[in-house]
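Enquirer: Pasting a structure below so you can have a look.
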Amino acid sequence: MCGEMSSFSDSCSMLVFKYYENILAAVKKDLTPTGICHLSGQCALRYHSHDQYDFPDVKLDQLKATE
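Throughout the sequence shown, residue numbering follows the UniProt record's numbering, covering 1 to 67 in sequence.
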């Protein structure tokens, strides 16, 4: 994470090193599997009841060039 902060990477690393125990305690307390699922974006389908691929039932011979 700190490596992505270009000129702030040294400061970021120092803060993580200094507050590592506090960061770890907060992560253990507040970050749940559900939270990780939401942060990663992998749970979206769990909460959407609609079909992801809801295409109209149209036969190709019914389509016109203007549609």
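Glycine included, C-beta positions come from ideal geometry on N, C-alpha and C.
All values reported here derive from a predicted model rather than from experimental measurement.
What does the alpha-carbon distance come out to for the pair P33 and V27?
Expert: Numbered from its first residue, the sequence shown carries residue 33 at position 33. Numbered from its first residue, the sequence shown carries residue 27 at position 27. Going by the C-alpha atoms only, they are around 11 Å apart.
Enquirer: At what residues does the alpha helix (DSSP H) containing E21 begin and finish?
Expert: As a first step, residue 21 is located in the sequence shown; it is residue number 21 there, counting from the start. Start and end: Y20 to D30.
Enquirer: So, with DSSP's three-state summary, where would you put D10?
Expert: Translated into positions along the sequence shown, residue 10 becomes position 10. D10 falls in the helix class under three-state DSSP.
Enquirer: Could you compute how far the alpha carbon of M1 sits from the alpha carbon of D57?
Expert: Your numbering for residue 1 matches position 1 in the sequence shown. Your numbering for residue 57 matches position 57 in the sequence shown. Each residue's alpha carbon lies about 47 Å from the other.
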